[in-house]
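Q: To convert, count from 1 in the sequence shown and add 34; that's the numbering used here. Quick one: the structure is below, questions incoming.
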Amino acid sequence: MPETLRGLIERVVFHNLDTGYCVLRVQAAGRAEPATVVGQLPQAVAGEQIDGVGDWVDNKNFGPQFKATNLVTAPPHTLDGIARYLGSGLVKGIGPKYAQKIVDAFGDKTLDIIDAAPASLRDVKGIGPKRIETIRASWQEQKHVHRILAFLASHGIGTSRAVKIYKTYGDTAIDQVRANPYRLSDDIWGIGFRTADDLAMKLGLPADAPQRADAATRHVLKDASGSAGHVALPLEVLIEAVAKLTGMDSDAVPAAIERLKVRGEIVDDVSLIYLTKLHAAEVSIAERLKVLLAGPQPLASLEIDTALAWVEARMTITLAASQKRAVRLWASSKVLVLTGGPGTGKTTIVKAILDIAVAKSMKVLLAAPTGRAAKRLSESTGREAKTIHRLLEYDPKAGGFQRHAEHPLELDLLVVDETSMVDVVLMQALLNALPPASAVLFVGDVDQLPSVGPGSVLRDFIDSGVVPVARLTEVHRQAEASYIVRAAHAVNSGVEPISAPAGQGDFYVVEADEPATVLDRIVQMVKERIPAKFGLDPLKDVQILTPMNRTDLGVSAINELLQKTLNPPRGGHEEIHRFGTTYRVNDKVLQTRNNYPREVFNGDIGRVAKVDAIEQIVAVEFDGRSVDYEFADLDELNLAYAVTVHKSQGSEYPAVIVPVHTQHFVMLQRNLLYTAITRGRKLVVLVGSKKAIGIAVNRAETTQRFGQLKERLKRAV
């Protein structure tokens, strides 16, 4: 026979806001000591009254527990409960100290005062108009969220997502979700098609409903562009993927495609199906590049031999024959791609070109896709470099770039570094902002991984044959001393890299066959050996790069282990648990999406500087700039002790450790290992099996990204 339990939540020990699973300490009626209660709740707050139905069980690890099959909470009615409730962080602007002050002032009327007459809080010492407004807004938000929670929790959506849904749709959230649950996957970051689809089925939508087929088709195209970098998908691939995702008959998909075409959401071009935005980007790039290539080079009259002699004297170097050829080609080309691996002198060529251009009174601007890449470009050239987004003056209020065809950049020459990272959407925006008379130098290593976003822009520029290309292949003498450079070029040539002699180099291979041994080696190196030998900070200077997110040697597992090792709990309010992750002061974190209002972008790495439970804010420092995240937005951040190789593009780190194991078989590719090795500046260590390294080195085939940019360029020029 089930038993009942009634009491006051003394402490929330654990609460998974996605599943509702919680462990509570409850001061139950009739019991001298607090009881441990385990069950499910959409929301649990210290101080709340709780009623439960369930059974007492004896847990071998934690002792007696009340395992609830049903839990119901209600607002507190005791003064102690109200103080705990308000001091729990539920309401922004109220921590434990102010909670007690407010209860001392208003007693059992406290919650009524906050709800109906918050202006009365001015009578409490230390609470001014600004804090009152914060409390009022947060309290009203909590009331609405609680109602939405009850609706969504009954359909399997947790608290964290419910807060985001409320922030997006406001008081009409329930009505909007009922009307079209699939809009959640379009409008809410972190909610995918499967979650929206599950909700739609629970709300009674038929499995063969047209809007389900439409939503699935949209999702497959978006997912293909985001996860695999495709600009479009072949018709048959799209039909098969939608049918597999939904279980619908494949005959239903062409009808969905036609509906989306009529609504202008997708484009059918030579049996490739595009999202309209990506199709427009591809077409625009080809058209804008044609315009740029058609004009004369700004320095067409330059006496190049004189310029080369001048720049060699200025830089006190002698350029190699291949480097001189690159400068000559630039002087005669409106658009030029400069590509080559580490140690081949790309930076030297860029500096030489910049010196010549500035000496000839050209207005020059420099840009790169990420903040770190822009900073590195600035340091290597001695000239200001901006991210492409800042160069184009993104305005979060207007929701777009302020520099475009009608308001172009004022320049004669643009230098873009790390071009391999630029996807079709960003390249479209960049080319649209260039005046037709300007020249462009695209710099990048085409042998690295392509952009995280859709397309293979740099590769398509080169393979089209319409853009002049200077490829540097000669490794210069000074760079040859680096075992990192040697290893990178060996891998790129299909040869297994050779470890430096012990203690005499900057590249090492540490053999370990078992995943547990690989992890042990990584922890030992990060915590002890690298700091002791190289004087590097394990948090700031050492980066783990791994091919995959999941598996024992994936991002998630390594992050959890290194957080525990390098930044263990310190007590107090210096951490918060959201979306299955604990965020702690001093944690290294990674931004996982472009957030234009915050000016942080996919791949940016920062450090948690503050966790404010009262204001419900996590402050993260990115290159000296503090950015605030509300708790509901923390799914934009992942721990970053380890990141995928893809996410590391455009960045360099003093020390890089790369687990290479057959667990990562599907991702073991030559360009992936090459990219990982070239991220390290002072030290690179591969930890894993010789077999896995051999697989990666010998597998040179790259996954095809569907799109037609190369063909469009050939036709346009």
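Just so it is clear, CB atoms sit at the ideal spot from N, CA and C, and this is done for glycine as well.
1) What three-state label does DSSP hand Y517 in the structure shown?
2) Inspect the beta-carbon positions of V449 and V384 and report whether they are closer than 8 angstroms.
3) Quick check on N601: does DSSP put it in helix, strand or coil?
4) To the nearest angstrom, report how far apart R322 and V371 are at their CA atoms.
5) Out of curiosity, what's the CA-to-CA distance linking P469 and Q742?
6) I need the DSSP call for L553, collapsed to helix, strand or coil.
7) Nearest by alpha-carbon distance to G115: which of P603, V60, I711 and T70 is it?
8) Mind pulling the beta strand (DSSP E) runs of 3 or more residues that sit fully within the segment 675–714?
9) Can you tell me whether DSSP reads R659 as helix, strand or coil?
10) Terminal residues of the continuous alpha helix (DSSP H) containing D389?
11) Tell me whether A689 is buried or exposed, calling it buried when 16 or more other Cβ atoms sit within 10 Å of its Cβ.
12) With which residues is P98 paired in a DSSP beta bridge?
13) Report the rounded CA-to-CA distance for A755 versus I84, giving the unit in angstroms.
14) Only counting runs of 3 or more residues, tell me where the beta strand (DSSP E) segments fall wholly within the segment 274–340, in order along the chain.
15) Do three or more CB pairs link the segment 645–652 to the segment 564–576 at distances below 8 angstroms?
16) Give the DSSP-derived three-state secondary structure of E545 in the structure shown.
17) When DSSP labels each residue in this structure, what does Y55 get in the three-state scheme?
18) Mind checking H111: buried by the 16 CB within 10 Å criterion, or exposed?
19) Would you mind sorting A805 into buried or exposed? The rule is 16 or more other CB atoms within 10 Å of its CB.
20) So what does DSSP say about R359, is it helix, strand or coil?
21) When you compare each of D575, D540 and Y308 to E292 by their alpha carbons, which one comes out closest?
22) Report the rounded CA-to-CA distance for E413 versus T709, giving the unit in angstroms.
23) Do you know how far the Cα of Q597 is from the Cα of T585?
24) Do the segment 378–398 and the segment 334–353 meet, that is, are 3 or more Cβ pairs less than 8 angstroms apart?
25) Curious, which full-length alpha helix (DSSP H) runs of at least 4 residues does the segment 196–256 contain?
26) Using the Cα positions of V623 and G640, report the straight-line distance between them to the nearest angstrom.
27) Skipping 5 residues on each side, what residues in its chain have a beta carbon closer than 6 angstroms to that of V158?
28) Please state if the CB of A66 and the CB of L39 are separated by a distance shorter than 8 angstroms.
29) Just the C-alpha distance for L587 and V700, rounded to the nearest angstrom, thanks.
30) Write down the C-beta distance between A407 and T712 rounded to the nearest angstrom, noting that I regard them as a contact closer than 8 angstroms.
31) Rounded to a whole number of angstroms, what is the C-alpha to C-alpha distance between H264 and G489?
32) Cutting at 8 angstroms between CB atoms, please list the residues of its own chain near R359, excluding the five before and the five after it.
33) For G167, report the span of its alpha helix (DSSP H) as first-last.
34) Helix, strand or coil: how does DSSP classify L353 here?
35) If you check the beta carbons only, do P502 and R493 fall under 8 angstroms apart?
36) When you compare only the Cα positions, how much space is there between Q738 and L255?
A: Working from what's here:
1) Look at Y517 here: in three-state DSSP terms it is helix.
2) Yes, the pair counts as a contact, with Cβ atoms nearer than the cut-off.
3) Looking at N601 - three-state DSSP - the assignment turns out to be coil, as it is neither helix nor strand.
4) Using only the alpha carbons, I get a separation of about 16 angstroms.
5) Roughly 25 angstroms between the two C-alpha positions.
6) Helix.
7) Checked all of P603, V60, I711 and T70; the closest Cα to G115 is V60.
8) Counting only runs of at least 3 residues, the segment 675–714 fully encloses the following beta strand (DSSP E) elements, listed from N- to C-terminal order: 676–678 and 687–694.
9) Strand.
10) Its alpha helix (DSSP H) spans residues K380 to A393.
11) So A689 counts as buried.
12) Partner(s): D92.
13) For the chain, the structure presents residues 35 to 751; residue 755 sits outside this window and is missing.
14) 300–303 and 306–309, all fully within the segment 274–340.
15) No, they do not touch.
16) In the structure shown, E545 sits in a strand (DSSP, three-state: E or B).
17) Strand, per DSSP.
18) By the neighbour-count rule (16 or more Cβ atoms within 10 Å), H111 is not buried but exposed.
19) As shown, the chain starts at 35 and ends at 751. That puts residue 805 outside it, with no answer to give.
20) Collapsing the DSSP output to three states places R359 in a helix.
21) For the options D575, D540 and Y308, the alpha carbon positioned closest to that of E292 is the one of Y308.
22) When rounded, the distance between both Cα atoms is 21 angstroms.
23) Spanning the alpha carbons of T585 and Q597 requires a straight line of approximately 17 angstroms.
24) At 8 angstroms Cβ cutoff, the stretches touch.
25) As far as the segment 196–256 is concerned, its whole alpha helix (DSSP H) runs of at least 4 residues are 207–213, 217–221 and 227–236.
26) Cα-Cα distance, rounded: 5 angstroms.
27) If you ignore the 5 residues before and after V158, its C-beta comes within less than 6 angstroms of the C-beta of K135, I136 and A139, all in its own chain and listed in chain order.
28) Contact flag unset, no.
29) Cα atoms of L587 and V700: separation of roughly 14 angstroms, rounded to the nearest angstrom.
30) Not a contact, Cβ separation roughly 13 angstroms.
31) Those two C-alpha atoms are separated by around 6 angstroms.
32) If we look at R359 and ignore the five residues flanking it on each side, its Cβ neighbours are A504.
33) Looking at the sequence provided, one finds Glu at residue 167 rather than Gly. Note, E167: alpha helix (DSSP H), P163 to A187.
34) Assigned with DSSP and collapsed to three states, L353 falls in coil, not helix or strand.
35) No, the pair does not count as a contact, with Cβ atoms beyond the cut-off.
36) Pairing Q738 with L255, the inter-Cα distance amounts to about 16 angstroms.
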